Amino acid sequence: MHTFEFVTDTATMCVFDLACLKHRLEDDADWWSVSSAEIQEVNNGNVAFLNFKSDGKYFVSIVDTIDEPDVSVNLKLNSGRVFFGAAEEVSSDGLEPEALRGGIFLEFPVGLYALHIKKTGFSILVAIKISDISTNSFFSVVRI
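Be aware that the sequence shown starts at 321, since it is given in the working numbering, and climbs by one per residue.
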């Protein structure tokens, strides 16, 4: 199990394989704050943006299973190098995440995965399971 913390001023966490957002590297730093762009990338399986009710410091545990997740998001891992942390660090403006606000980089085998997430206050549980689905069908941003 991995545990880490991060701080966000946008009340949003992101999880993504760096290779899956290379096409956003030259976009404006706030590209993802446009709901349609955020939803498109989530539905394409390129990133999981998790919008919370509050800014602040969050404590995350990556666990084997979650019995009743608040939400599940399908995700493509094209390189296997995955960032978990504040959405302020999402690839944009010529920069990739550096975990400056906390967060963590983890390595996974390339493939398709389902992220299962449960949030209680400022504590977040994340379970990552192999999947055969690469896309999502959200009509609005993911809020938990």
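From the three backbone atoms N, C-alpha and C, an ideal C-beta is built for every residue, glycine too. Here the structure is a predicted model, which means the values were calculated and not measured.
| Asked | Found |
| --- | --- |
| Could you round the C-beta distance between Ile424 and Phe324 to whole angstroms and report it? I think they count as a contact, below 8 Å. | 4 Å |
| Does any heavy atom of the ligand HEM sit closer than 7 Å to the C-beta of Asn366? | The ligand HEM is not part of this structure, which contains no ligands at all. |
| Quick one, are the C-beta atoms of Ser457 and Gly365 less than 8 Å apart? | no |
| Would you report the Cα separation of Val465 and Ile444, rounded to the nearest angstrom? | Past the boundaries of the shown model lies residue 465; the chain is included only from 321 to 464, so the question cannot be answered. |
| Name the DSSP bridge partner or partners of Cys340? | In the DSSP output, where bridge partners are listed per residue, Cys340 has none listed. |
| Jot down the residue ranges of each uninterrupted alpha helix (DSSP H) in the stretch 417 to 454, minimum 4 residues, whole runs only, in chain order. | none |
| Could you give the C-beta distance for Val335 and Leu435, rounded to a whole number, given that I count them as a contact under 8 Å? | 6 Å |
| Taking the C-alpha atoms as reference points, what is the distance between Asn370 and Ser356? | For clarity, residue 370 is Leu in the given sequence; the question names Asn instead. Computed Cα separation, rounded: 15 Å. |
| Which stretch, first to last residue, makes up the beta strand (DSSP E) that contains Ala368? | Ala368 to Asn371 |
| So what does Ile382 bridge to, in DSSP terms? | His322 and Val446 |
| In the DSSP assignment, what residue or residues form a beta bridge with Val393? | Leu435 |
| Could you tell me which residues DSSP pairs with Thr332 in its beta bridges? | Asn371 |
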